[in-house]
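Asker: Quick one: this structure, given as structure tokens, is what I'll be asking you about.
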Amino acid sequence: MPAKRVCQLIKLKPSAEAEYRAIHASVWPGVLAALERAHITDYSIHYYAPLELLVANFKYTGDDYEGDMKKVAEDPETQRWWKVTDDMQETLVDGAEGSGKDVPWWAEAEEVFRFEGKA
1 MPAKRVCQLI KLKPSAEAEY RAIHASVWPG VLAALERAHI TDYSIHYYAP
51 LELLVANFKY TGDDYEGDMK KVAEDPETQR WWKVTDDMQE TLVDGAEGSG
101 KDVPWWAEAE EVFRFEGKA
């Protein structure tokens, strides 16, 4: 099964840009370990300042996306991380109350084009 690519979007509060960059310069090892256990690879977050938009991209290589995302949401270190980072963000999803809840905090974008080329 080919890797699932995921693209997610959220707004970054302008007052939090420096803190957001700083915390992501040294992501907590437990958070990274939870992502790895959930078969998430090639994860990056980009910032588009004119729209105050964070764009996250990652590959999911497992076979139970919903189950693995639930495990990430149940991880205590990830929950602590989200308590810090959620305060820096503004969701684009109606009804969202925070990361790991029933309504997704980050909006998921639909892929409309892919070119993998030859490596």
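Quick note: the sequence shown, position 31, residue 31 per the UniProt record's numbering, numbers continuous.
Beta carbons are placed, not taken as given, at the ideal position from N, Cα and C, and that holds for glycine.
Bear in mind the structure is a predicted one, so any value in this text is a computation, not a measurement.
(1) Just to check my reading of the structure: leucine 54 and leucine 9 have Cβ atoms closer than 8 Å, yes? What is that Cβ distance to the nearest angstrom?
(2) Kindly identify the DSSP beta-bridge partner or partners of glutamine 79.
(3) Can the beta-carbon of tryptophan 28 be found less than 7 Å from the beta-carbon of tryptophan 105?
(4) Between which two residues does the alpha helix (DSSP H) holding valine 31 run?
(5) What first and last residue would you give for the alpha helix (DSSP H) that runs through glutamate 74?
(6) Does lysine 101 come within less than 7 Å of chain D when only Cβ atoms are used?
(7) Quick one: what's got a C-beta closer than 6 Å to valine 31's C-beta in the same chain, skipping five residues either side?
(8) According to DSSP, simplified to helix, strand and coil, what is serine 15?
(9) Taking only three categories from DSSP, how would you classify alanine 25?
Answerer: Once the coordinates are examined:
(1) 7 Å
(2) Note: glutamine 79 sits in no beta bridge, so no partner.
(3) no
(4) 29-37
(5) 65-74
(6) Among the chains of the structure shown, chain D does not appear; only one protein chain is present.
(7) Glu77, Thr78, Trp81
(8) helix
(9) coil
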